[in-house]
Amino acid sequence: ASAAPFSHASAAVLWGLPLFRHVPEAVHVSDARHNGVVRHARGVARHEVSVPDDDIVVIGGIPCTSLERTVFDVARTLPLASAVAVADAALRLVAWDPEDRVYDQGAASTWATAMEERIARARGARGIRQARWIMAFADGRAQLPGESMSRLLLHDLGFATPRLQVRLADSSHLYFVDFGLDDAKAWGEFDGEGKYTDAQFRGERTPWEVVRAEKEREDWIRATTHRPLVRWGMQHLASSVTLGRRLAEFGIRPPR
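Numbering (this note's numbering), first residue to last: 21 to 276.
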């Protein structure tokens with residue numbers, strides 16, 4: 021018999037999807053014997069469910085569930101914030117072109133429709149209501165787990181769907197802003213911890229050069245759009261209350 025594929029959070033790790041605020045207590049595999057039972061033994065959570073062959077892939081020589089099946093399982097079983105971060109990142113894999121910074125809405129819609137059909141076929145399954153909500157909410161334009169969490173808290177605060185990775189340009193400038201909070205006539209930016217120090221984000225620039233470029237960018241955005249821009253970090257994402265307080269410091273109030 022073929023080896024049971026890694027699944028759930030373990031498959032998410034193999035796919036490179038972020039487990040935001042979730043540390044797995046076990047390695048997850050799916051193996052059909054007694055359908056629907058989860059057995060824990062020696063650090064392994066064995067989900068005794070059937071996984072069709074077309075839902076099994078091999079990554080780095082390791083069998084695991086397909087991207088679609090992985091998101092389906094995670095969206096049903098992980099806490100909401102963790103599951104949203106996974107779903108956003110999966111859509112990003114499917115639809116985001118990092119070189120051209122273009123989001124293929126057609127590819128995203130096709131994948132989301134396939135996920136919705138999968139969820140519809142599993143009516144009554146554990147966590148299926150959460151999975152349905154997550155797939156309607158997911159957006160691959162969120163670049164980081166902190167942006168996914170920000171989206172969730174902004175939703176809780178009552179903001180209409182913020183525009184993500186908003187393109188602002190003139191003849192000599194091209195910038196992207198994380199969040200367009202149009203109902204508050206404001207811009208929002210999530211500052212990841214590595215933005216000023218991680219070479220992946222700053223390239224050949226020094227941290228000081230990154231800070232200076234960010235200031236010039238902010239000045240241009242404010243002057244051109246006549247809208248305030250507020251930044252927040254992970255420390256503001258403890259709850260919708262803490263993010264709401266941060267926005268209020270800049271005079272930005274939730275619409276409700």
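Here a beta-carbon is modelled for each residue, glycine too, at the ideal position from N, C-alpha and C.
Checklist entry - Nearest-angstrom Cα distance between Pro274 and Leu201? => result Taking the sequence shown and counting its residues from 1, one reaches residue 274 at position 254. Taking the sequence shown and counting its residues from 1, one reaches residue 201 at position 181. Looking at the two C-alpha atoms, the distance is approximately 10 Å.
Next on the checklist: Going residue by residue through the stretch 78-117, where are the continuous beta strand (DSSP E) segments of at least 3 residues, counting only ones entirely within it?
Outcome noted: 82-85
Checklist entry - Are the Cβ atoms of Leu277 and Glu238 separated by less than 8 Å? => result Within the shown structure, residues of the chain are numbered from 21 to 276, placing residue 277 beyond reach of any answer.
Next on the checklist: What would DSSP say about Asp159, mapped onto helix, strand or coil?
Outcome noted: As a position in the sequence shown, residue 159 is number 139, starting the count at 1. Coil.
Item to check | As assigned by DSSP and simplified to three states, the class of Trp35 | outcome: The residue you call residue 35 lines up with position 15 of the sequence shown. Looking at Trp35 - three-state DSSP - the assignment turns out to be coil, as it is neither helix nor strand.
Next on the checklist: Taking the straight line between their C-alpha atoms, what separation do you get for Ala46 and Leu173?
Outcome noted: The residue given as residue 46 occupies position 26 in the sequence shown. The residue given as residue 173 occupies position 153 in the sequence shown. Taking the straight line joining both Cα atoms gives about 29 Å.
Checklist entry - Which residue comes first and which comes last in the beta strand (DSSP E) that contains Glu12? => result No answer is possible for residue 12: it lies beyond the span of the chain, which begins at 21 and ends at 276.
Item to check | Where the beta strand (DSSP E) through His48 begins and ends | outcome: Position 28 of the sequence shown, counted from the first residue, corresponds to residue 48. Val47 to Ser50 is the extent of the beta strand (DSSP E) around His48.
Checklist entry - Is Val18 buried or exposed, if buried means 16 or more other CB atoms sit within 10 Å of its CB? => result In the structure displayed, the chain extends from 21 to 276; residue 18 sits before or after that span and is not available.
Next on the checklist: Starting from Arg237, trace the alpha helix (DSSP H) in both directions and tell me its first and last residue.
Outcome noted: Mapped onto the sequence shown, residue 237 falls at position 217. From DSSP, the alpha helix (DSSP H) with Arg237 extends over Pro227 to Thr245.
Checklist entry - Asp176: beta carbon under 7 Å from a heavy atom of the ligand ADP? => result Because no ligand of any kind appears in the structure shown, any question about the ligand ADP cannot be addressed here.
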